[in-house]
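Enquirer: My questions will all concern the structure given below.
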Amino acid sequence: LQMEKVEFMELYHHVIDRFEMNVEEGIHLERDLPDGKYYVWMDKDKMIQVMDNIITNAIKYSPEGGTIRFRAAKQKSQLLISIEDEGMGISYDKVDKIFERFYRADKARTRKLGGTGLGLAISKELVEAHHGRIWAKSKEGKGTTILFTLPLMNKKRRGKK
Ligand code: ATP
Ligand code: MG
Numbered sequence: 450l451q452m453e454k455v456e457f458m459e460l461y462h463h464v465i466d467r468f469e470m471n472v473e474e475g476i477h478l479e480r481d482l483p484d485g486k487y488y489v490w491m492d493k494d495k496m497i498q499v500m501d502n503i504i505t506n507a508i509k510y511s512p513e514g515g516t517i518r519f520r521a522a523k524q525k526s527q528l529l530i531s532i533e534d535e536g537m538g539i540s541y542d543k544v545d546k547i548f549e550r551f552y553r554a555d556k557a558r559t560r561k562l563g564g565t566g567l568g569l570a571i572s573k574e575l576v577e578a579h580h581g582r583i584w585a586k587s588k589e590g591k592g593t594t595i596l597f598t599l600p601l602m603n604k605k606r607r608g609k610k
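This is the structure:
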């Protein structure tokens, strides 16, 4: 991994901007992001790959007119990032399996959308390599939220040894 100090919100906005320029009309991207600065020690290219995988899925499994909502919030020493869609969803008995290699939740339905079932398995490996966690919440027919955490860098303590 090529680790460096990165301000997360700037990176997140940049990734979303890139999708916004290309996304088909009829899919809405909405941001609910804090203004502050949040520094994470990360491999920037790998973290872009994680977000690309999650957002590509959200778009792929969204209906016409669907909204994808991007959130981030500080939770103690972690940053909690979530990407929520209004797509077909995943049944509760399958939702934890989507992070397994080559797993595709609904063969018949997803076959025509293409893919190998690797995107989320790779994303999980990369998030865990950054000491974060990744999981999903979903309701069939309502939508899916992918959540992941990343440890925030410590603020420099002044005046202390
Ligand atoms: P690849 O990412 O390798 O092109 P893929 O999208 O099928 O293929 P993953 O990204 O790993 O593979 O996702 C695994 C499976 O989880 C998908 O096939 C799909 O069934 C389900 N899935 C993932 N994200 C969503 C989502 N946002 N809404 C509904 N189902 C999803
Ligand atoms: Mg995918």
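If you read the sequence shown in the UniProt record's numbering, its first letter stands for residue 450, the second for the next number, and so on. Backbone N, C-alpha and C define an ideal beta-carbon position, used for all residues, glycine too.
1. Give the DSSP bridge partners of residue 600, in chain order.
2. DSSP three-state label for residue 572, please.
3. What are the start and end residues of the beta strand (DSSP E) that includes residue 488?
4. Counting only the same chain and skipping the five closest in sequence on each side, list residues whose C-beta sits under 6 Å from that of residue 475.
5. If you measure from the CB of residue 506, is any heavy atom of the ligand MG nearer than 7 Å?
6. What does the Cβ neighbour count give for residue 580, buried or exposed, with the cut at 16 atoms within 10 Å?
Expert: Well, looking at it:
1. In the sequence shown, residue 600 corresponds to position 151, counting from 1. Residue 600 is bridged to 527.
2. Numbered from its first residue, the sequence shown carries residue 572 at position 123. Helix at residue 572.
3. What you label residue 488 is simply residue 39 of the sequence shown in a count that begins at 1. First-last of the beta strand (DSSP E) with residue 488: 488 to 492.
4. Locating residue 475 in the sequence shown gives position 26, where the first residue counts as 1. Counting only Cβ-Cβ distances below 6 Å, and skipping sequence neighbours, we find 513 and 514.
5. Here the question's residue 506 lines up with position 57 in the sequence shown. In terms of side-chain proximity, the C-beta atom of residue 506 is found nearer than 7 Å to a non-hydrogen atom of the ligand MG.
6. Counting from one through the sequence shown, the residue named residue 580 turns up at place 131. Exposed is the call here.
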